[in-house]
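Chains as they are written, first to last, in the numbering used here: chain A, 1 to 244; chain B, 245 to 491; chain C, 492 to 715.
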C-alpha cells in the first residue's frame, strides 16, 4: 500500500532523511519511533506530500508521490492524516469540520456528508458535540474529532504524527482507544508515536529511526523482545522506564 | 509613453519668484519639510514620552488625563487640528494670540503652527507606543525594581524606559516617517513645504507631471534614507533575547 | 475674552449634513474597494511567484511612502485626463471621482499590510490540515485561512476605517467639499470661522471616539 524506497531529504545543508526504505502493506499497522530530531515526522509527512524529498520514491497505492504529474490533492484525499496539534478548523463547528472536505473535495452532498459525519462522531463517542466549536472541547476530544475528520474521507490508509504528544496524560487513553479500534478493524496505519503500549497492543511492525536513518524495522515481538542495535535498546529503556 | 513628452529642463529654468532655478525651488520645499518634521518630531517625542509614561503610572487620575489627551488628538482629523491651531487658538487666547497674529511674520506663523500641530498630534501616537513598550515588559520588571528598594522614578529611568524604548524603535521610526508624510498638510496654511512647492511649480509652468514625479521621488528618497538609518538604529538598539522586541 | 457667535450653525445644518453624506460616501467606497483590492494585493505579496510578489510590494511601499496629500493631487491630475480619453466629458463630478479613486487605491495599500499580517498569523498547521484533507491551495486559502485571518483582523480593519474617515477631510486640497469643507466655507463666508471649526472638530471627535469605543467592545467580545 505504502512503499518508501531510498528516500533522502535535505533542509539546505542538513541531511534530514537518509536513504529510508520500508513498506506498509494493506491492513498493516506500523509504528515509527525514535528520539526527537530523528526525522520520523518528516518521513511521514513525505508520504502525503506535505514535505518534499529530493531523492528516492514513495508510492501510495501505486501512485508516485514525488512525480510532478501526480494530482496531490486527489492522493491526499485518499490518505488520512492526524496531527500532533489536532489542527481542527476553529472557525467551523465540529460537524462542519467533518463535512467541509467531504463536500468541497469529494463533491458529496450536504446531507450525505452530514450523515457520515454523525456516524463517525458516534464511533469516536462524541455524538453530542456536533454543534460545538473546537475551542469548547478538551484536547482529547479535539483529537478524536480530528481522527473522525480524516476518516470521513474514507481513506485507504491513515497517517498519525505524534497524535498524543500534545495531550495531558489523562486524555491519552481515549485517543489511543480509538486508534486501537481502527487497527482492529483492519485500517492500514503508519503511526509516529512514543506510546509503546499502543505499539505492543496492535502494531505489526516497529520502525526505529535515529538521525534520519531507519535503524531497525522488525516485527513487534522481535523488536520488544530483543532490539538489534544498541541505539534502539537505549531508546527503549528510556521510554519504557518513563511511562510505567 | 509619457516620458518622451516630459521636459526635464524645466528644473533648470528660473523660478517665478526669483529664488533661483525650479530645482532650487523644490529643494527649498524639501528643506522646509525636513525642518518642520524634525522640530515636530522632537516635540512629539518629548510630550509623547511623558504622556506614555503617565498612562502606565499607578492610580487613576494621571493615567486618565493621559488617556483624555490621546483620545482628543486621535479622534480629530489632522487637517482640522491644523486649522484649529491656525485660525482658532490665536483668536481665543488673549495676549499671546494677538502677538501671534500681529507680531510674527506669516512664515513664522505657519512654521510655528505646523510644528505645534504636528507635534501634539504625533505625540498622541508616540504616547501609545511608549505605553505599549512599557506594558510589554509586564509587571514583573516593575515589581523587581521596586522590590530592590528603588523608587518609582528610578524604576522608570533605569529599568523600564531603557528597555521599552529599544523595543519600540521600529514603531517609532515608522511614526517619524508618518510625521514627514503628515507635514504635507501644512501646505494648506501656506507653508512652502515640498507638496506645496510641487503644486506651485505645476501652476506656474503647467509642467505638472515633471513636478509631481520629482516630488514623489524626493519623498521616496526621504523614506528610503530614514528606513536605512532606522535599520542601523534597530541593530544598535537590539537586546540579546529580544529580537527587537518581537512578539 | 472672545465672544462666540454660534449663529451660523443652525442655518448651515442641511449643507453640513450633505457634506457628511459625501464624507461617508468617500469613506465607504474606499473601505470596500480597499479591502477587496487589499486582499488581492496581500495574496500577491505572499505568492511564490517573485514577479507578482515584487509588484505587490512595489505597490504597497509606493503608496505608503508618499503623503496622502500628494496622492490626492496626483489623481486629481491623472483621472480627468484618463476619463476624457475613455469617454469624453463625464457626467459625474470629476473631483469626487478622483477622490474615490485616490482613496481606494491608497487605502488598499494599508489594508494589504493588515491583511497580510492576518494571513501570516494563521498557523501553518491549519494549512497542512487543509492540504491533508485533499484541499487545493485555493480552497485552503479561501475556506480555512482567510476566514480565520479576517476574524483576527477585524479590529484593525475597523480602526483603519476610522482613520480613513478622518482623512477624507484632506479632499480640501483638491477643492472638493465634504463635511469639513462645508464647515470651513460657511465659517469663512459668515465670519464665524472659529465657531465652525470648533463645531467641526467636535463632530469629528464624537463620531470617531464613538466608533473607536464600539471597536474596543467588539475586540473584547472577539477575544473571548
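The beta carbon of each residue, even a glycine, is placed where N, CA and C say it ideally should be. Quantities reported herein were computed from a predicted structural model and do not represent experimental measurements.
Whether residue 146 of chain A touches residue 102 of chain A by CB criterion (8 angstroms): In the first chain, counting from the first residue as 1, residue 146 of chain A sits at position 146. In the first chain, counting from the first residue as 1, residue 102 of chain A sits at position 102. No; because the gap between Cβ atoms is not below 8 angstroms, this pair is not in contact.
So what does DSSP say about residue 400 of chain B, is it helix, strand or coil? The count along the second chain starts at 1 and reaches residue 400 of chain B at position 156. The three-state reading of DSSP puts residue 400 of chain B in helix, counting H, G and I together.
Please classify residue 708 of chain C as buried or exposed, where buried requires at least 16 other C-beta atoms within 10 Å of its C-beta. If you number the third chain from 1, residue 708 of chain C lands on position 217. Under the 10 Å beta carbon count, residue 708 of chain C is surrounded by fewer than 16 other beta carbons and is classified as exposed.
Please state whether the Cβ-Cβ distance between residue 441 of chain B and residue 269 of chain B is less than 8 angstroms. Here residue 441 of chain B is taken as the residue at index 197 of the second chain, counted from 1. Here residue 269 of chain B is taken as the residue at index 25 of the second chain, counted from 1. Between residue 441 of chain B and residue 269 of chain B, the C-beta spacing is below 8 angstroms.
Taking just the CA atoms, how far does residue 562 of chain C sit from residue 666 of chain C? Residue mapping note: residue 666 of chain C aligns to position 175 of the third chain, counting from 1. Residue mapping note: residue 562 of chain C aligns to position 71 of the third chain, counting from 1. Each residue's Cα considered, the two are about 14 angstroms apart.
Would the beta-carbon of residue 466 of chain B fall within 8 angstroms of that of residue 326 of chain B? Residue 466 of chain B sits at position 222 when you count from the first residue of the second chain. Residue 326 of chain B sits at position 82 when you count from the first residue of the second chain. Taking 8 angstroms as the Cβ cut-off, residue 466 of chain B and residue 326 of chain B do not qualify as a contacting pair.
By the criterion of Cβ-Cβ separation under 8 angstroms, what are the contact partners of residue 439 of chain B in chain C? Within the second chain, residue 439 of chain B is the residue found at index 195, counting from 1. Near residue 439 of chain B (Cβ distances below 8 angstroms), the residues of chain C are 558, 560, 561, 564.
C-beta neighbour in chain C for residue 269 of chain B, strict 8 angstroms: Residue 269 of chain B sits at position 25 when you count from the first residue of the second chain. Residue 269 of chain B has a beta carbon lying at 8 angstroms or more from every beta carbon in chain C.
Starting from residue 657 of chain C, find everything on chain B with Cβ-Cβ shorter than 7 angstroms and list it in chain order. Locating residue 657 of chain C in the third chain gives position 166, where the first residue counts as 1. Contacts between residue 657 of chain C and chain B, judged by CB atoms closer than 7 angstroms, involve 321 in chain order.
Segment limits, alpha helix (DSSP H) that includes residue 372 of chain B: As a first step, residue 372 of chain B is located in the second chain; it is residue number 128 there, counting from the start. Its alpha helix (DSSP H) spans residues 350-380.
Pick from B:446, B:311, B:438, B:410: whose alpha carbon is nearest that of residue 477 of chain B? Residue mapping note: residue 477 of chain B aligns to position 233 of the second chain, counting from 1. Residue 477 of chain B has its Cα closest to that of B:410, out of B:446, B:311, B:438, B:410.
Mind pulling the chain C residues with CB within less than 9 angstroms of residue 467 of chain B? Here residue 467 of chain B is taken as the residue at index 223 of the second chain, counted from 1. Result: 552, 555, 556, 557.
Any residues in the stretch 2-21 of chain A with a beta carbon nearer than 9 angstroms to a beta carbon of chain C? Which ones, in chain order? Near chain C, meaning a CB-to-CB distance below 9 angstroms, no residue of the stretch 2-21 of chain A qualifies.
Starting from the Cα of residue 521 of chain C, find the closest Cα among C:568, C:497, C:588, C:598 and give me that residue. On the third chain, residue 521 of chain C is found 30 positions in, with the first residue counted as 1. Nearest in C-alpha terms to residue 521 of chain C, of all of C:568, C:497, C:588, C:598, is C:598.
Cα-Cα separation between residue 610 of chain C and residue 618 of chain C, rounded to whole angstroms: Here residue 610 of chain C refers to the residue found at position 119 of the third chain. Here residue 618 of chain C refers to the residue found at position 127 of the third chain. Roughly 11 angstroms between the two C-alpha positions.
So, does the CB of residue 622 of chain C fall closer than 8 angstroms to a CB anywhere in chain B? Counting from 1 along the third chain, the entry for residue 622 of chain C is found at position 131. Cβ-Cβ to chain B under 8 angstroms: no for residue 622 of chain C.
When you check each C-beta in the stretch 71-94 of chain A against every C-beta of chain C, which residues fall closer than 7 angstroms? Going along the stretch 71-94 of chain A in chain order, one finds 73, 74, 76, 77, 81, 83, 85, 87, 89, 90, 91 with a Cβ nearer than 7 angstroms to chain C.
Give a yes or no on contact between the stretch 311-323 of chain B and the stretch 658-665 of chain C, applying the rule of three or more CB pairs nearer than 8 angstroms. Yes, the stretch 311-323 of chain B is in contact with the stretch 658-665 of chain C.
Just checking my contact of residue 5 of chain A with residue 212 of chain A at CB under 8 angstroms: how many whole Å lie between their CB atoms? To locate residue 5 of chain A, count along the first chain from 1; it is residue 5. To locate residue 212 of chain A, count along the first chain from 1; it is residue 212. Incorrect: roughly 16 angstroms between the Cβ atoms, too far for contact.
Taking the straight line between their C-alpha atoms, what separation do you get for residue 80 of chain A and residue 527 of chain C? By one-based count along the first chain, residue 80 of chain A stands at place 80. By one-based count along the third chain, residue 527 of chain C stands at place 36. For the pair residue 80 of chain A and residue 527 of chain C, the Cα-to-Cα distance works out to about 35 angstroms.
In the DSSP assignment, find the unbroken alpha helix (DSSP H) run with residue 221 of chain A in it and report its ends. Taking the first residue of the first chain as position 1, residue 221 of chain A is located at position 221. That run of the alpha helix (DSSP H) goes 220-225.
Report the option in C:547, C:675, C:502 whose CA atom is closest to the CA atom of residue 532 of chain C. In the third chain, the residue the question calls residue 532 of chain C occupies position 41. It is C:547 whose Cα lies nearest to the Cα of residue 532 of chain C.
Inter-residue CB distance, residue 425 of chain B and residue 558 of chain C (contact presumed, cutoff 8 angstroms): Within the second chain, the letter at position 181 stands for residue 425 of chain B. Within the third chain, the letter at position 67 stands for residue 558 of chain C. About 4 angstroms; that satisfies the 8 angstroms criterion.
Strictly by DSSP, which residues pair up with residue 177 of chain A? Position 177 of the first chain, counted from the first residue, corresponds to residue 177 of chain A. Residue 177 of chain A pairs with nothing; no bridge assigned.
Looking at residue 415 of chain B: is its Cβ nearer than 8 angstroms to the Cβ of residue 254 of chain B? Along the second chain, read from residue 1 onward, the residue named residue 415 of chain B stands at position 171. Along the second chain, read from residue 1 onward, the residue named residue 254 of chain B stands at position 10. The Cβ atoms of residue 415 of chain B and residue 254 of chain B lie no closer than 8 angstroms to each other.
Closer than 8 angstroms to chain B by CB, residue 660 of chain C: Taking the first residue of the third chain as 1, we reach residue 660 of chain C at position 169. With its beta carbon less than 8 angstroms from one in chain B, residue 660 of chain C belongs to the interface.
By the 10 Å Cβ neighbour count, where 16 or more other Cβ atoms means buried, how is residue 435 of chain B classified, buried or exposed? One-based indexing of the second chain puts residue 435 of chain B at position 191. By the neighbour-count rule (16 or more Cβ atoms within 10 Å), residue 435 of chain B is buried.
If you draw a straight line from the C-alpha of residue 489 of chain B to the C-alpha of residue 403 of chain B, how long is it? For the purposes of this step, residue 489 of chain B is taken as residue 245 along the second chain, with counting starting at 1. For the purposes of this step, residue 403 of chain B is taken as residue 159 along the second chain, with counting starting at 1. Here residue 489 of chain B scores only 39 on pLDDT, less than 50, and its place in the model should not be relied on; the value that follows carries that caveat. Each residue's Cα considered, the two are about 15 angstroms apart.
For residue 635 of chain C, which residues in chain A fall below 9 angstroms Cβ to Cβ? Locating residue 635 of chain C in the third chain gives position 144, where the first residue counts as 1. Residues of chain A passing the Cβ test: 89, 91, 92, 100.
Let me check understanding here. Comparing Cα to Cα, which of B:459, B:469, B:463, B:420 lies closest to residue 281 of chain B? The count along the second chain starts at 1 and reaches residue 281 of chain B at position 37. Cα-wise, what sits closest to residue 281 of chain B is B:420.
Would the stretch 394-408 of chain B count as touching the stretch 534-547 of chain C if we require 3 or more Cβ pairs under 8 angstroms? The stretch 394-408 of chain B is not in contact with the stretch 534-547 of chain C.
Applying a beta-carbon distance threshold of less than 8 angstroms, which residues of chain A neighbour residue 638 of chain C? By one-based count along the third chain, residue 638 of chain C stands at place 147. Ordered by position in chain A, the residues that pass the 8 angstroms Cβ test against residue 638 of chain C are 91.
In terms of alpha-carbon separation, which member of C:575, C:502, C:705, C:500 lies closest to residue 653 of chain C? By one-based count along the third chain, residue 653 of chain C stands at place 162. The shortest Cα separation from residue 653 of chain C among C:575, C:502, C:705, C:500 belongs to C:705.
Whole angstroms are fine: how far does the CA of residue 453 of chain B sit from the CA of residue 246 of chain B? Counting from 1 along the second chain, the entry for residue 246 of chain B is found at position 2. Counting from 1 along the second chain, the entry for residue 453 of chain B is found at position 209. The predicted position of residue 246 of chain B is uncertain, since its pLDDT is 49 and thus under 50; a value taken from the coordinates is nonetheless stated next. A straight-line Cα-Cα distance of about 9 angstroms links residue 246 of chain B and residue 453 of chain B.
If I measure Cβ to Cβ from residue 7 of chain A and keep anything under 8 angstroms in the same chain, skipping five residues before and after, which residues do I get? Against the first chain, residue 7 of chain A aligns to sequence position 7. Within the same chain, 17, 19, 20, 21, 43, 46, 53, 55, 56, 57, 58 come within 8 angstroms of residue 7 of chain A by CB-CB distance, once the 5 residues on both sides are set aside.
Looking at C-alpha atoms only, which residue of C:568, C:549, C:604, C:670 is the closest neighbour of residue 241 of chain B? This structure does not reach residue 241 of chain B, given that chain B is present from 245 up to 491, and the question cannot be answered.
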